[in-house]
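Per this note's numbering, the very first residue in the sequence shown carries number 2; after that it's consecutive.
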Amino acid sequence: MRKQLLSKVLFSFIMLLIGVQVFAQDRMVSGKVSSSEDGSGIPGASVSIKGTSKGTTTDANGNFKISVSGSNVLIFSSVGFNNQDVSVGNKSQINVSLSVDNKALSEVVVVGYGTQKKSQTTGAISSVTSKQITEMPITNLGQAMQGRVAGVDVAQSGSKPGTVPKVLIRGRRSFNAGNDPLYVVDGIPLSGGYEDMNPNDVASMEILKDATATAIYGARGANGVVLITTKRGAKDGKTTISYDTYAGSTQSLDKIQLFNGAEYAEMKRESRRTIGTYKDANGNIVPTGVIDAYADSKLFTAIELDGISKNRTTDYQDLMVRKGFQQNHALGVQGGNEKTQFSINAGYFSDQGIIAGLDFTRYSVRVNVDHQVNKRLKVGISSYGMYSLTNGANLNPYGYLSSQNPLARAYDDAGNLIFQQTDDALLTNPLNEVVPGAKIDETKKYRIFNSIYAEYQIAEGLKYRVNFGPDFTISRNGRFNGALTNDIKGGNPTATTDNRFGFNYTLENILTYNKQWKNHNLGVTLLQSMQRDNFEQYTQSVMGVPVETQAFYNLANASSIQGVGSNLIQWTIASYMARVNYDYKGKYLLTATMRRDGSSRFGENSKWGNFPGVALGWNLHQEDFMKDLTWLDELKLRASYASVGNQGLSPYQTQGLESRTSYAWNNTAAYGYRPNTIGNADLKWETSTSQNIGADFSILRGRVSGSLEYYQTNTTDLLLSDQLPTSTGFAAVTRNVGETRNRGIEISLSTVNVDAANGFKWSTDFTFYKNTEAILSLYNGAKDDVGNRWFIGQPLNSYYDYKYAGIWQEAEKAQAVAMGFTVGQIKVADSNGDGKITADDRVLLGSDVPAWTGGITNRFSFKGFDLSFFIFTRQGQMIMSKFHQNSNYLQGRYNQIKVDYWTPNNPNAYYPRPNFNQEFPAYNTAISYFDGSFIKVRNINLGYTFPAKVANKLGLSSLRVYASIQQPFIFSKYRSKDNGVDPETSNGNVENNVTPATSVSTFGLNIKF
């Protein structure tokens, strides 16, 4: 009753807001809503009048009463049951029996080389649905996974157009072999990452996380697998046309907090007070807080004195940063019949960044066709063509801003840029970097990716399928540095071109057999596969481009050639795989796999690796002793054990390579070749062995559902460079040594919080993920590698440094001097207590691995309105800020990030006293480590779907409009306290040259014909 009362209160409140009146009806109808399974009443079921906002809910026994007219139609619904419509007519009592909705149990997921019912899977598999992909504007698939999939950590540094987040599935396993997952599009492994994909083409994604699920992909699936399924046609004989678009502005969420003109001048004064050179006319040191005109005249240049007198602050961020613009257009045509289905999708995306010269544009077309030639033969193709243009991928104009003198002018009186604003020859105007044509970094990329198949049914249950996936890529990067740029500083312009050509293909032969008899179900998959990669690269660099407008298009006319290079890389993987799926009564589940991979990257002695896996599942809710738990819809327990390989070494690393060496021979240059590296024909696969225990559940007719996972992955035979004695003539050799471990827990939860009779719905998705990385052994067993910051028992990227202990104070002067410091300098901990500061005092401070990550999505809908918001968090990771490691930090020569520094009048400050004689403050890295935890409101989305009759009058089948704001808020101690802009980073380092975090406000349309 309390729930019913709450629903009525919410209903009344919403009706009041939108001005809807509820009118009384003619007569009262009563009845009962029960379950078709056991006849029990369904409490809280929705009973609503079709086409109106009027309704009610059933009581604890499933009974209801509602005022209606004879012409009304009642809609009966409840979470976990199929809806039922009943015409009222002259009835005074209506009893309804709702059938159970088994959609959740019978949902089909892609598992690699086939599909399975979700209830029959035994591996750790998470899904991102089409609804999740399209419910907010996204520019890449990484954004669709971030915070929505437990076990997947997605992080991005900066906001440069065209860049994509880094994706890690269940942590880092390898030092050198790479940790990126494998992406498989429509059954064909994708060479490289997902950056070329158009998110609008995607129907769903399945993320395979444990080794049993990924073992079928062998070496390529060592770091997890993301299965991407694109949109296909339909068999209903109808053609559907859809048009989705959005456009909006991009704005910087915040600025780097730098010293303004007056603050910079005072910091410069203090840097001279520290060394005793800021003196008045009588030769006395001017005390802190006092400004002396004579001392200023000796310290500052004429340009700076002019700025001081006019209280000038030139904010280069305001001058460089603009409002950006994003737009996206996606046109889709889907249709077909029982014989042929087709889907055509065309896309255009443009992201004009917040800094001129940084932008990204992509054009794409995808055509999917499936055709049933006859009863036995089916063929199909999925072809994707893409062209992208990226400007500024390798440029970081923002990095020049923080050091600029705020007292100088950026423009002269005529409005022209001043090339060099101060007397410092190393500083040039950063705005020169964004003058059109002055500095160019342009990348054009063309790609055609295909998935072609033919499937033939040999006999009942026996099918043969061949997959062929050719992938063509051509890219050209052209760079130009004009004379008036920071790199050239008035010298000869330079230009470079980098041309790359790739042709990769995958060929797979697959035999599947499915047999059902009595209570037994058997599925067998046999695979033979080959993947071949070919890559060519040609580069040229020149100096002295005669006409700057020609940029990099006329290299032959340059005054000198700086370099010419070429490269060819080829490698091949051959594979065999067998998989058996078996279940008894759909209750007891078994999956067994065996994959054998051979790679051309390894030497003759270890080309092949064998990777087995086994997984068990138990649909516990189907047992007779569980039948009395009527609130339990589904409970499946899973356990798995499997191993996968990783071929993470360069294609020719097992061979002994030579390098070119020049000699002087009778005053003439001569060239020869010498051995550069030692080959190792015994190098073998890195092997990751994983154990996983999981549970999938659904209760209260689907109102609460989710999954729990616990896993551990040990990776052995790590490919590491092992040091050699100098007597060998070589520095190191690559060997299989070392071991790492990842273990963690994952929680995914979905709830239907409110499903009221008046149409108001509220649902929530929640994810929680905690992973712990650890190095178990290195070259010589359990020995740390301090130089690489690798420590036994710690994550792969740990911070090992001096521990900040404050600033030396006047009361500690004697102790400071005894230890080699002065008052106002950084004090670090004497960790070993020997009374002096040495390298032995360094300690482990933390790592870039978050203690946990999570996400929560809330969705609300009422009639045609929908509202959703998504919050993402990473907690417990440490970040290292490069803003606090700049050269000339608090030296008084250049401007920098604004900090609260120590002075005699400000002894409680966190940062050291400015000192002109110190380019780097002693132990300055100790002040650059921060808590990188943050909470981000990633997206708020408000939409309205027009009633069908309104859309139909416009010739449409559906019409939705929406407004969205992405990343409007970031909550972070680092951002608010320590002048940082965005603590999110993919490598643990907050670089001082990345573009700042942005917020995007968009308006969009979803139209279907």
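Think of the CB as a built atom: it goes at the ideal place given N, C-alpha and C, for glycine as much as any other residue.
Since the model is a prediction, treat every value here as computed from it, not as a measurement.
- Check the Cα spacing between Q422 and each of A151, E305, E136 and Y911: the tightest is with E305.
- By the CB criterion at 7 Å, I880 and F931 fall inside the cutoff.
- Sixteen is the threshold: since fewer than 16 other Cβ atoms of the shown chains lie within 10 Å of the Cβ of S651, the residue is exposed.
- In the pairwise beta carbon analysis, the stretch 663-676 is classified as not touching the stretch 640-651: fewer than three pairs are separated by under 8 Å.
- Note that the stretch 548-555 does not touch the stretch 569-589; fewer than 3 beta-carbon pairs, one per stretch, sit closer than 8 Å.
- Here the stretch 703-711 does not lie against the stretch 225-241, with fewer than 3 beta-carbon pairs under 8 Å apart.
- In terms of Cα proximity to T57, the closest of G479, K33 and L957 is K33.
- Distance from the Cα of V89 is smallest, within the candidate group N611, L75 and T999, for L75.
- Taking C-beta atoms as the reference points, Y963 and G1005 count as a pair closer than 7 Å.
- Looking at the DSSP output, Q538 bridges to R501 and N568.
- Residue nearest to F698 within the set G673, T678, N743 and S749 is S749 (criterion: CA-CA distance).
- In the DSSP secondary-structure assignment, G646 is bridged to T688.
- Residue range A303 to S310 is occupied by the alpha helix (DSSP H) that includes E305.
- Straight across, the Cα-Cα distance linking L402 with K256 is about 11 Å.
- Here the stretch 603-617 makes contact with the stretch 205-218; the two share three or more CB pairs at distances below 8 Å.
- Q724 carries a strand assignment under DSSP once its states are collapsed to helix, strand and coil.
- Rounded to whole angstroms, the separation of the alpha carbons of F731 and A411 is 52 Å.
- A residue is called buried once 16 or more other Cβ atoms fall within 10 Å of its Cβ, and Q724, having fewer, is exposed.
- With fewer than three CB-CB distances shorter than 8 Å, the stretch 903-920 does not count as touching the stretch 943-960.
- By the 16-neighbour rule on beta-carbons within 10 angstroms, S1000 is buried.
- When C-alpha distances from R533 are compared across D499, V548, V30 and S192, the shortest belongs to S192.
- A direct Cα-Cα distance of roughly 41 Å separates V366 from I489.
- Only residues of its own chain outside the window of five on either side were considered, and among them G336 have a CB closer than 6 Å to the CB of T240, listed in chain order.
- F873 carries a strand assignment under DSSP once its states are collapsed to helix, strand and coil.
- Take Y672, set aside five residues on each side of it, and the residues of its chain with a beta-carbon closer than 8 Å to its own are R661, T662, S663 and Y664, in chain order.
- Contact between G695 and T655 is ruled out by a C-beta separation of about 38 Å, above the 8 Å threshold.
- Scanning its chain for C-beta atoms nearer than 7 Å, with the 5 sequence neighbours on each side dropped, one finds around S799 the residues R790, F792, L845 and S848, in chain order.
- According to DSSP, L378 shares a beta bridge with Y457.
- Residue ranges of uninterrupted beta strand (DSSP E) with 3 or more members, entirely inside the stretch 658-718 and ordered along the chain, are 659-666, 669-676, 687-700 and 705-717.
- Unbroken beta strand (DSSP E) runs of no fewer than 3 residues, entirely contained in the stretch 889-972, are found at 930-932, 935-946 and 959-972, following chain order.
- Here S98 is not near S47, since their CB atoms are 7 Å or more apart.
- Looking only at S253, A496, G492 and D472, the smallest Cα-Cα distance to S452 is reached by D472.
- Taking M387 as reference, the option from A830, D197, G944 and F481 with the minimal CA-CA separation is D197.
- With a contact defined as Cβ atoms closer than 8 Å, P913 and Q810 miss out at about 12 Å.
- Under the DSSP assignment, I242 falls in the beta strand (DSSP E) whose first and last residues are T241 to S253.
- As the crow flies, the alpha-carbon of V738 is around 29 Å from that of A640.
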